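Asks: Residue numbers (my numbering): 1 to 124.
All C-beta atoms, glycine included, are put in the ideal place defined by N, C-alpha and C.
If you're wondering where the values come from, they're calculated on a predicted model, not measured in any experiment.
As structure tokens, this is what we get:
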């Protein structure tokens, strides 16, 4: 038979976490309603996405450059994530590790040049 009393601290911790997170979410909303700072206006209730106002028709076309810049950010963020461990372990990997990283950086440079030529970085 399993002794369930060992799980009591975990249950207490979960209850305290649930109570605190609920307090952090719902207490400010209740205070705002009670003190009168809850004042919704048309500007506050309007949708705001990607730096431009919402469309009239949700099926209308829009510019894809926002997503291209986000994808480029992720790619170059991953590049930075790969560069740090490579730099730390360069003495262990030697020339093969250096050549491999230069090939990786070359591929990223080619991708950046391609995105630049396609106009993914132009905001005009």
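Three or more C-beta pairs under 8 angstroms: does that hold for the stretch 107-124 against the stretch 63-70?
Replies: Taking 8 angstroms as the limit for Cβ pairs, the verdict is that the stretch 63-70 does touch the stretch 107-124.
Asks: If you check the beta carbons only, do residue 101 and residue 82 fall under 9 angstroms apart?
Replies: Against a cut-off of 9 angstroms, the Cβ pair of residue 82 and residue 101 comes out as a contact.
Asks: If you draw a straight line from the C-alpha of residue 34 to the C-alpha of residue 14, how long is it?
Replies: Their backbone Cα atoms lie some 29 angstroms apart in a straight line.
Asks: Assign residue 46 to one of three DSSP states: helix, strand, or coil.
Replies: Reduced to three states, the DSSP call for residue 46 is coil.
Asks: Going straight from the alpha carbon of residue 8 to that of residue 22, what length do you get?
Replies: Each residue's alpha carbon lies about 21 angstroms from the other.
Asks: Figure out for me which residue from 111, 11, 31, 38 has the closest Cα to the Cα of residue 75.
Replies: For residue 75, the nearest C-alpha among the options comes from 111.
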